[in-house]
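In what follows, a structure is listed as structure tokens, so that the remarks can point back to it.
Number of protein chains: 2
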Amino acid sequence: MRNAVDREIPERIGSREVRPFEGAFATSPKGTQKAARTMKHAPRDEDKVLPSIDAAIEACGLSDGATLSFHHSFRDGDRVINLVLEACAKRGLKGLRLFPTALFPAHKAVIDHIESGVVSRIEGSMNGPVGAFVSQGGKLAEPAVLRSHGGRWRAIEAGDVHIDVAFIAAPQADPYGNATGIRGKTPCGPIGFSAADALYADKTVVVTNDLVPYPVYPMEITQSCVDHLVVVDEIGDPENIASGTLQLTKSPTRLRIARLTAEAVMASERFVDGFSFQGGAGGISLAVTKYLGDAMEEAGIVGSFGMGGGTKLLVDLLHRGLIRTILDGQAFDLDAIASIREDAGHVMIDPGFYANYDSRGCATYQLDAAFLGATEVDLNFNVNVNTHSDGLLLHGIGGHQDVAAGAGMTLITVPTLRGRIPVIVDSVTTVTTPGETVDVIVTERGLAVNPRRDDLKARLVNAGLPVRPLEEIKAEAERLVQPIGKPVFGDEIIAAIEWRDGTVIDVVRKVEGWE
Amino acid sequence: MRNAVDREIPERIGSREVRPFEGAFATSPKGTQKAARTMKHAPRDEDKVLPSIDAAIEACGLSDGATLSFHHSFRDGDRVINLVLEACAKRGLKGLRLFPTALFPAHKAVIDHIESGVVSRIEGSMNGPVGAFVSQGGKLAEPAVLRSHGGRWRAIEAGDVHIDVAFIAAPQADPYGNATGIRGKTPCGPIGFSAADALYADKTVVVTNDLVPYPVYPMEITQSCVDHLVVVDEIGDPENIASGTLQLTKSPTRLRIARLTAEAVMASERFVDGFSFQGGAGGISLAVTKYLGDAMEEAGIVGSFGMGGGTKLLVDLLHRGLIRTILDGQAFDLDAIASIREDAGHVMIDPGFYANYDSRGCATYQLDAAFLGATEVDLNFNVNVNTHSDGLLLHGIGGHQDVAAGAGMTLITVPTLRGRIPVIVDSVTTVTTPGETVDVIVTERGLAVNPRRDDLKARLVNAGLPVRPLEEIKAEAERLVQPIGKPVFGDEIIAAIEWRDGTVIDVVRKVEGWE
């Protein structure tokens, strides 16, 4: 069947019955009730601390085929996923389903665990080597499933994914299970990504390298749901949280894109007192944030909130009084983490608050403007952030869908070329985010406004911005390079891309070669 | 049938099948799953603010027989319960079940609503006139149910009580439904008592007198579950939060009790670094807190946490560095509220964290010492805080059961006489808290130690404290007064007293007169 972004989607993917994507806000929740949480109980005197991850696996009764969940707040510095999988492998466990918020290059050992049969399914983002490996086809027992931050939370609450054991890396915890990511020896920032896991998993295990006396606060993860704790030497390397993303771009091309983006936001009717925005941690987004902050100061505008990933740049806006609050789901640098500890207005939020489709409201719906990157965009304004032009599944969705759908004005910031590869294409390799949620595509060669937004187009034109048809920008870029080879896809579906409501917006197929 | 505290309990109470009390930690949770929450959804653009409580009742589809919930953070200053019931009465609604955390004298209009049939059931504490009215018998369609703070949370999560509409008084809220009790025009302190209601109710309505721009923080109640908001002129009078409870006692008798209590705690093996305690807001408890703080300072002991209700006295200990944290579920004065806003170590907790039996741990289980009041105690160390010696149901349970069961050392602080009425009796009128959870009864005539705690008795004797048999203290007090008349009870059960695990520890019967 063809879904609402005209992608061919099978009626079943693996063991899953597919609901096709119908539109960004087209569906109602399935059913009238959320999943029921597992009943829990505690004796009055109980020692929850176990001597090893192996002991925790034993205590949880983890068995073949179980679903294990993890958060990614240590990003490419995480050690816990590897530790747990090593322990599972040693115990001879097979056929596990991994349900991480995201995998990074640090987790390339997952490939070995797939080859040895320890891991047979993955639902979660796969940044880098694991994604490339899975893209070869024939690796997993069922196609992978990728979800947005909000979509993952929704899936847990709706019962789409039942977690057997949640392993939660915690930079600080007390022996009763309260845990936080903003204190400890190696703070990583908010760990609320695991809050739904902790609530809904049959068993919840906190893994920490800093066990301190009761009570740890803030209680991002609470004693109420933690079954066991394990102390290890290292849970992650906070130096790797930033993963090199936190440099303001110095490229003149990208600075021009950032400048045009900021000017487009400033030209919109939303750039008034109470303005709110979200940028990512990429170089262009950081530059836009900086430009907008300066413009707010000049215009005397105080923003209601900036949304994170938290960065030093956002914290700077808070400290300068240019925004009243930061809503922060994950920290991209240590300045942001320090600010969460110190600034009452720097508020941690979890993905449910941020973007759960099946809730009475999402923080992303309150955004005036969002500026997001892309791997590819197409003439229907669809965006791909998952696959590269070589067809390989190399990135997760993150909050891309959630923010694009929510923001009053969504701007996709892309250079027209990356090396010799055009970024604007006829049809994106994979639809991550549908064009109906994208308002403007900003390139160094001008801005293209979605035809659904003639109101906005008029404002940008009036502001003297270089508004151009997307086709024209695309053609101009293509004239500068030779056509490149394209991937040849096989039939096998290696991953389903879920829209945030649980429908399937696209599938990723096995790469068989390149033409 | 007779339960584990030897009370006669019927097999059914109203429409409810009774599980009899088996012991403080004897039962396992019923079933393997908690109740499933109602699925919710939000359009992207939605105005949640409604013009009146009547409009909210309409929007929620509230109908005859529905269950309405409320919190008591404004205590005797609350206006919201009356406003909502007036609106229900005007709409001609009948047979409502009230599920407040507590009713106070301010809610005596509930009596009229019972007489007119608007309200026919109550599950929640009834402090004062409503309790006295219900005690006459024949007033409610089903016996009332009283639960502890933790027990109420458990009942919601376990599905024992399903809430149709939660009305949440919020001193500050934003138009998307985020709400807090610690900011606004009339802050009342934490409103986390309603957090389970907000999550599990079919519909959740925030009633505020201070609607401010998005985002309000801390988000004690979140946009994720709030369906509607209503702005009213007055939600409550913060002057009445304290309700006259916050005076340190000046009575020499009570000061002696407080002094003996503090000395007993200091003599226990638990009075070391990391010590934790909870006192209430009564005059004796406040004096004990003060004595203990001074003793900690002198001994160089730093406590891990003090548990609230938050008071200026606890805040003072935090500021003096004598305790590292305050875990605060409800504020008893404005100093406590200010401290929550300003002190990172003054942490708000909800009743689930505090004391939910069906969870992986309760904060009360981490308490070293607790000093609690009582209306009556008996020779089995059972405690009554619900009924007076006249048999009338005049008080709720609060956290009494939760704290007594949890604390390593539970001390009940009581004068032997109140006016001409002995406090130590053969058998308490109503068992609120079973003797097995009580370690010491402290009176001005000496301390009685529960025979289960010979270890503790030896320490107190060694410390030179006046340890005496409870029978002896009782007899000494009785010699000073004439025997008083006793209530004559009818057969009708007017209320069930739940233990925190959902079993029934006692029932309260209709008062027919006094002998």
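Keeping their order, the protein sequence lines are chains A and B. Just so it is clear: in the first sequence, position 374 is 1147 by our numbering, and no numbers are missing. Just so it is clear: in the second sequence, position 374 is 1147 by our numbering, and no numbers are missing. Cβ coordinates follow ideal geometry from the N, Cα and C atoms, glycine included. This structure is a prediction, so every number in the text was calculated from the model and none was measured.
Bounds of the beta strand (DSSP E) holding residue 1001 (chain B) are 1001-1004. By DSSP's assignment, residue 1260 (chain B) forms a beta bridge with B:1287.
Between the alpha carbons of residue 1068 (chain A) and residue 1075 (chain A) lies a gap of roughly 11 angstroms. Three or more Cβ pairs closer than 8 angstroms define a contact, and the segment 1092-1109 of chain A meets that threshold against the segment 952-969 of chain A. Among the residues facing chain A, residue 973 (chain B) is not included, as its CB has no counterpart in that chain under 7 angstroms away.
Within the segment 940-961 of chain A, the residues whose Cβ lies closer than 8 angstroms to any Cβ of chain B are, in chain order, 949 and 950. Taking a C-beta cut-off of 7 angstroms against chain B, none of the residues of the segment 1275-1287 of chain A qualify.
At the C-beta level, residue 1141 (chain B) and residue 1049 (chain B) come within 7 angstroms of one another. Shortest Cα-Cα distance from residue 1028 (chain B) to any of B:1061, B:1037 and B:1008 involves B:1061. By alpha-carbon distance to residue 869 (chain A), the top candidate from A:889, A:1230, A:853 and A:850 is A:889. Here DSSP, grouped into helix, strand and coil, assigns residue 843 (chain A) to strand. Taking the Cα of residue 827 (chain A) as reference, the smallest distance to any Cα among A:940, A:1034 and A:1110 is reached at A:940. With a threshold of 16 other beta carbon atoms within 10 Å, residue 899 (chain A) meets it and is buried. A residue is called buried when at least 16 other Cβ atoms come within 10 angstroms of its Cβ; residue 1248 (chain B) does not meet this threshold and is exposed. A Cβ-Cβ contact shorter than 7 angstroms links residue 1052 (chain A) with residue 1144 (chain A). Residue 858 (chain B) and residue 882 (chain B) have their C-alpha atoms spaced approximately 9 angstroms apart. Annotation for residue 1242 (chain B): 1221 place their beta carbon closer than 7 angstroms to its own, counting only its chain and skipping 5 residues before and after. The three-state reading of DSSP puts residue 1067 (chain B) in helix, counting H, G and I together.
Close to chain A, meaning a Cβ-Cβ distance shorter than 9 angstroms, are the following residues of the segment 1088-1110 of chain B: 1097, 1098 and 1100. If you check the CB distance, residue 998 (chain A) and residue 1133 (chain B) come in under 7 angstroms. A distance below 6 angstroms between beta-carbons, with the five flanking residues on each side excluded, links residue 1114 (chain B) to the following residues of its chain, in chain order: 955.
At least one CB of chain A lies nearer than 7 angstroms to the CB of residue 809 (chain B). Within the DSSP secondary-structure output, residue 940 (chain B) pairs in a beta bridge with B:978.
Taking one beta carbon from each stretch, the segment 793-807 of chain A and the segment 1258-1276 of chain A have 3 or more pairs nearer than 8 angstroms; the two touch.
For residue 1268 (chain A), the closest of A:1164, A:1033 and A:1042 by C-alpha to C-alpha distance is A:1164. Within the segment 1093-1119 of chain A, the complete beta strand (DSSP E) segments of 3 residues or longer fall at 1096-1101, listed in chain order.
In summary, the residues of the segment 1126-1143 of chain B whose CB is separated from some CB of chain A by less than 8 angstroms are 1126, 1129, 1130, 1131, 1132, 1133, 1134, 1135, 1136, 1138 and 1139, in the order they occur in the chain.
Residue 877 (chain A) is not bridged by DSSP to any residue.
Straight-line measurement puts the Cα of residue 1257 (chain A) at about 32 angstroms from the Cα of residue 1037 (chain A). Residue range 806-811 is occupied by the beta strand (DSSP E) that includes residue 811 (chain A).
Inter-residue distance for residue 1194 (chain A) and residue 1099 (chain A) is about 36 angstroms (C-alpha atoms, whole angstroms). Residue 1183 (chain B) is positioned such that its CB atom lies closer than 7 angstroms to that of residue 1212 (chain B). Residue nearest to residue 1218 (chain A) within the set A:1229, A:1186 and A:1203 is A:1186 (criterion: CA-CA distance). For residue 1126 (chain A), the uninterrupted alpha helix (DSSP H) run begins and ends at 1124-1128, by DSSP. Taking a Cβ-Cβ threshold of 8 angstroms, the residues of chain A close to residue 1179 (chain B) are 817, in chain order. If the five residues before and after residue 1021 (chain B) are omitted, its C-beta is found closer than 7 angstroms to the C-beta atoms of 1056, 1059, 1060 and 1063, all from its own chain and listed in chain order.
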